Structure formats: C-alpha cells, structure tokens
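Just so we're aligned, residue 13 is where the sequence shown starts under the numbering used here, counting upward by one. We put the CB at the ideal spot given by N, CA and C, even for glycine. In this text the structure is predicted, and so the values were computed from the model without any measurement.
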Amino acid sequence: MSTELIGALGLVLIFLIGTVSSVNLGALALVASFVVGMGLAGESLETVLTGFPPSMFLTLFGVTYLFGIATGNGTVEWLVDSCTRLVRGNRVMLPLLVFVIAAVPTALGAAGPAIVAIIVPLAIRIALQNRLSPYLLGLLVVHGTTAGGFSPINLGGVILNGTLERGGIDTSPMVIFASSFAYNLALGVVLFLVFGGRQIWRDRHEAAGVDDSQGGAAAGPTSGTGSVATATTTATEVRRESLDLARTLTLVAFLALAVLSIAFDLDVGMLAVCEAVLLQLVFPTSSGNALAKVAWEVVLLICGILTYVATLERIGTVDMLGDSIGKLDSPLVAALLVLVVAGLVSAFASTFGTIGAMVPLSLPLLATGEIGVVGLAIALAISSSVVDSSPFSTNGALLVAATPKDRQAEAYRILLMWGAAMVLTAPVATWLIFVVA
C-alpha cells in the first residue's frame, strides 16, 4: 500500500478514534503527523513541524483572549444591548442583520476570518440574550463572509479569476460573485428554518396581534394571548450598559483590529494579542481571568488537524486524488469529482489554497469545451467555501471557540454535522445547477 493511500486512511482513522474516545482529535492528528511524516515518508521532525499553522494558533488564541477581556469589562454586554436596540427587539431581523454585517465588509475586500473573528462572539451573545440559537447567528456570520468572499476585490475572487486568466480562460467575476452570494443567502434561509425560524416568526405575529387587539400602549393587560406580548417583550430586554473608560478603549481596540487587519493586511491574531496585553496591563482588575477564556482545546484540535493535512499535501495524497480524477473519460463526471475533492479538502485546509490547487486540475476539463467555464468556476467557488462552516476550518473553529465553554462540545457536533452536510450537498447541487444545466 502506498504512502499516499496510507495517509488518506490515517485521516479516516483519526476521526474514528476521536469519535469513540475522549482523546482530542488535534492530539491524535499530531501523533499521526509524526507517524506518517517521519515513520513512512522519512521526513525530519523539522519538516513535519512546518505544517503546524502559527497564524491559525495566533488567531484562535488572540481573538479569544481579546474577547475574554471584552466579556470581563462589560464591552460585549454593551454591544449586545446596542445591536438589540438597533432592531428594536425584532428577533426576526437579527439573523438578517448579522448576515449583512458580515457580508458587506467581506465583499469590500476584508478577509473572511478577520470578520468572523470580530463579529461571531458578538453574534453569539446577541443570540443568547434574545432567545435565539447561537448556532443560527454564528453560522449566518460565517456564511455572510462566504457570500462576500468572491467579490472581484476580495482575495477569493482575485485568486479564482486570476488563476483562470493565467490559464488562458476568460471568466465573469461579477457573475461568480453574485451566484456565490445568492447560494449563501439561500443557505441562510435554510439555517433560519432549521434553527427555529418558524417559531420565531409565529411569536412575532402573535405578539403583533396582541398589540393590535389591545389598542396599542393604552390598552391594559388581558388574559390568554396577552402573555405572549409580555413574554416577548421581557425576553428581548437587556441590561442597559454605559460606556466607561475600559469599555471605550476596548471598542477602540476592536475598531483598530478591523481597520488594521482589513485596510493594511496586518495579522489579526498578532494584533489581537497585542491589544489584549495592553488592555490587561491598563485594566488588570476587569481583565484578570481573560486567559481562562481562551479555548485551548479548540486551538489544539484545529492546529493538530491542519498539521496532518499539511503532511498529506507533502506526501502527495492530494495530488494522487487529482491525478485519478484527470484519468476519467467523462468530463462531467470528472468535474463532479473535482468539486467533491475541493469541498472535502477545503473543509480541513485553506479555501484559497484549495482553489489554487483545484483550478489547474480543472483546466484540462475546460479545454475540452464540454464544460462551461463560468459554471465550473461558480461551482468550485461555492463547493470550496461553504464548507468553511466545518469546525476544522478557520471560520468554524472561531465559531466553536466563541461559544460558551459549557456548550463548545455541542457546538462542535452541530458544526460537524452542518459542515458534513455542506461537503455532501454543495458539490452535487452546484454541479447540477451550474455545470450540468
């Protein structure tokens, strides 16, 4: 059995052992990296460790550290209060609000993980304050950034369109962007329905009906359905937080984090660490337990898995899959397999890296003239990006890390199921819609 195939089977074994035991998947993946890299491929320890993602480590550590400080000094509570008042307690509008807040800056060129790192913890607190599923708002942030991620001025769009152009293929950047946006918006509707949207909508209309029947604010309390209005109003009330010096400077830190990471392309993780350390030095009392809020188990899980994926790339497992696809006689079937591999690999590795690897594999298919260029580009963009909701991808990992510690295991399971659904459905759906049709 070849080393490439053993490496692929090793990934399956990691998940099997992690599922039936309490051992962290990241720790298992680190062990597998050493076994496969050093034991089978003959790599040195230094080579194996080159796969460890320092940027990912800094991002996960720095962002959860900074938000630990923001939680301790009440900044997060103030932001939750402000956002809730923005939609005047309308729970139906909150999902749309967080989707738009995530999509717009990403479409303007911001890095998706930077936006997720900033917005997801806030979205989760808003959800918990307003009796919404934290996974609904959290995943809407992730898919909002994915929706904007293939605009012509975002890195995703630049990589995809640029790679095609270097291969001598003309494409339509705005069509790709609009199609990806629409697909993610449709997924947002699905998420709304899956995570209690029908009940949220019913509660809204029941409350509105009660208000009308009571004749507005002048009407007195009534029995029966009157309790619905009272319960809805009470549930959306949040504590009115005021801005003190610590909260003001924390807000400035978040604004600086967004501006510096987006406009100047500085590393969001390192920036977050620097800001967190400064805030803790200035305000030690309210920031004392910030390190306890760092999601160390998530950091280990993600960094370990990505280290093993890097090992698979070095030993040629990913290339082996690509070569196998290229030998197929049917371009349509080959295109489907390209999308399947793109979705599966991107669920664990870099979306941009996956696109950079899979687009060249697709060029021979496009050269046959039997596959539409724009259609395959759209399908590849969507299949490789919607799986970023996986807990092994950067965005999914940030969502798990931002979830309260007592619910992180639940968050991991839910994102694992949603991510698996994206891996299974996106390649087939986009192949049928954009390639075959």
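Validate contact between the stretch 18 to 33 and the stretch 278 to 289 using beta carbons, cut 8 Å, 3 pairs: no
Answer yes if the stretch 421 to 438 comes into contact with the stretch 344 to 364, meaning at least three C-beta pairs across the two stretches below 8 Å, and no otherwise. yes
Let's see if you can read the secondary structure: which residues bound the alpha helix (DSSP H) around ILE367? Within the sequence shown, residue 367 is the residue found at index 355, counting from 1. Here the alpha helix (DSSP H) through ILE367 covers 363 to 379.
Quick check on PRO403: does DSSP put it in helix, strand or coil? In the sequence shown, counting from the first residue as 1, residue 403 sits at position 391. Three-state result, PRO403: coil.
Looking at the secondary structure, which residues open and close the alpha helix (DSSP H) in which ILE136 lies? The sequence position of residue 136 within the sequence shown is 124, counting from 1. Element bounds for ILE136: 124 to 141.
How would you label THR244, buried or exposed, when you count the other beta carbons within 10 angstroms and need 16 or more for buried? In the sequence shown, counting from the first residue as 1, residue 244 sits at position 232. Unreliable positioning characterises THR244 in this predicted model, as indicated by a pLDDT of 36, which lies under 50. A coordinate reading is not provided.
Measure the alpha-carbon distance for ASN142 versus LEU120 and round it to whole angstroms. Along the sequence shown, one-based indexing puts residue 142 at 130. Along the sequence shown, one-based indexing puts residue 120 at 108. Straight-line Cα distance between these residues: approximately 30 Å.
How many angstroms separate the CA atom of ALA414 from the CA atom of GLY74? The sequence position of residue 414 within the sequence shown is 402, counting from 1. The sequence position of residue 74 within the sequence shown is 62, counting from 1. Cα to Cα, the separation comes out at about 12 Å.
Please name the residue, chosen from LEU176, PRO125, LEU134, that lies closest to LEU278 on a Cα-to-Cα basis. Taking the sequence shown and counting its residues from 1, the one referred to as residue 278 is at position 266. When only C-alpha atoms are compared, the closest one is PRO125.
How many angstroms separate the CA atom of VAL385 from the CA atom of ILE317? Taking the sequence shown and counting its residues from 1, the one referred to as residue 385 is at position 373. Taking the sequence shown and counting its residues from 1, the one referred to as residue 317 is at position 305. The alpha-carbon atoms of VAL385 and ILE317 are separated by roughly 33 Å.
Spatial neighbours of GLY228 within its chain, please: C-beta separation below 6 Å, excluding the five flanking residues on both sides. Within the sequence shown, the letter at position 216 stands for residue 228. For GLY228, the predicted structure reports a pLDDT of 39, less than 50, and the residue's modelled location is therefore unreliable. A value from the coordinates is still provided. For GLY228, where only same-chain residues beyond five positions count, there are no Cβ hits under 6 Å.
Using a 10 Å radius around the Cβ and a threshold of 16 neighbouring Cβ atoms, would you call PRO343 buried or exposed? In the sequence shown, the residue the question calls residue 343 occupies position 331. PRO343 should be labelled buried.
What residue ranges within the stretch 49 to 107 form continuous alpha helix (DSSP H) runs of no fewer than 4 residues, ordered along the chain? 57 to 61, 66 to 84, 87 to 98
Three-state secondary structure assigned by DSSP to THR319: Position 307 of the sequence shown holds residue 319. THR319 falls in the helix class under three-state DSSP.
Of the residues VAL48, ILE29, GLY38, the one placed nearest THR329, counting alpha carbons only: Here the question's residue 329 lines up with position 317 in the sequence shown. Comparing Cα positions, the closest option is VAL48.
Could you tell me whether the stretch 178 to 185 touches the stretch 203 to 212, where touching means 3 or more Cβ pairs closer than 8 Å? no
Using C-beta distances below 8 Å, list every residue in its chain close to LEU98, excluding the 5 sequence neighbours before and after it, in chain order. The residue given as residue 98 occupies position 86 in the sequence shown. Closer than 8 Å at the Cβ level, and outside the excluded window around LEU98, lie LEU109.
Using the Cα positions of ILE29 and LEU255, report the straight-line distance between them to the nearest angstrom. In the sequence shown, counting from the first residue as 1, residue 29 sits at position 17. In the sequence shown, counting from the first residue as 1, residue 255 sits at position 243. So the alpha carbons of these two residues sit roughly 48 Å apart.
Beta-carbon within less than 6 Å of PHE193's beta-carbon, same chain only, minus the 5 sequence neighbours each way: which residues are those? Walking along the sequence shown from the start, residue 193 turns up at place 181. Cβ neighbours of PHE193 beyond the five flanking positions: ALA159.
Go through its chain and collect everything with a Cβ distance to SER184's Cβ below 6 Å, but skip five positions before and after it. Walking along the sequence shown from the start, residue 184 turns up at place 172. Cβ neighbours of SER184 beyond the five flanking positions: VAL386.
Spell out a yes or no on whether the stretch 260 to 273 and the stretch 75 to 85 are touching, meaning 3 or more CB-CB pairs, one atom from each, closer than 8 Å. yes
Completely contained beta strand (DSSP E) runs for the stretch 254 to 290, where each covers 3 or more residues: none
Sorted by chain position, which residues of the same chain lie with C-beta nearer than 6 Å to PHE364's C-beta, five sequence neighbours on each side aside? Working through the sequence shown from its first residue, we reach residue 364 at position 352. Contacts found: ILE171.
Could you give the DSSP three-state label for ILE181: helix, strand or coil? In the sequence shown, counting from the first residue as 1, residue 181 sits at position 169. If DSSP states are grouped into helix, strand and coil, ILE181 belongs with coil.
What residue does the alpha helix (DSSP H) around SER397 start on, and which one ends it? On the sequence shown, residue 397 is found 385 positions in, with the first residue counted as 1. That run of the alpha helix (DSSP H) goes 385 to 397.
Using only CA atoms, which one of GLY368, ALA346, VAL398 lies nearest to PRO376? Against the sequence shown, residue 376 aligns to sequence position 364. Among GLY368, ALA346, VAL398, the Cα nearest to that of PRO376 belongs to ALA346.
Close Cβ partners of SER163 (< 6 Å) along its chain, the five nearest in sequence each way excluded: Here residue 163 refers to the residue found at position 151 of the sequence shown. Same-chain partners within the cutoff: ALA119, GLY169, PHE189.
Give me the Cα-Cα distance between GLY63 and ASP215, rounded to the nearest whole angstrom. Reading the sequence shown from its first residue, position 51 is the one you call residue 63. Reading the sequence shown from its first residue, position 203 is the one you call residue 215. Each residue's Cα considered, the two are about 49 Å apart.
For a test of the three-state rule: what should DSSP assign to GLY121, helix, strand or coil? Mapped onto the sequence shown, residue 121 falls at position 109. Here GLY121 sits in coil by DSSP.
Can you grab the Cα-Cα spacing for the pair GLY381 / VAL206, in whole Å? On the sequence shown, position 369 is the one that residue 381 refers to. On the sequence shown, position 194 is the one that residue 206 refers to. Going by the C-alpha atoms only, they are around 40 Å apart.
Using a Cβ-Cβ cutoff of less than 8 Å, which residues in the same chain neighbour TYR77 once the five nearest sequence positions on both sides are dropped? To locate residue 77, count along the sequence shown from 1; it is residue 65. Result list for TYR77: ALA284, VAL285, ALA288, ALA302, LEU303, LYS305, VAL306, in chain order.
If you draw a straight line from the alpha carbon of VAL357 to that of PHE295, how long is it in whole angstroms? Translated into the one-based positions of the sequence shown, residue 357 becomes position 345. Translated into the one-based positions of the sequence shown, residue 295 becomes position 283. Taking the straight line from one Cα to the other gives about 43 Å.
Just confirm the distance between the C-beta atoms of THR442 and ALA379, as a whole number of angstroms; I'd bet it's less than 8 Å. Taking the sequence shown and counting its residues from 1, one reaches residue 442 at position 430. Taking the sequence shown and counting its residues from 1, one reaches residue 379 at position 367. Contact flag wrong, Cβ pair sits at about 21 Å.
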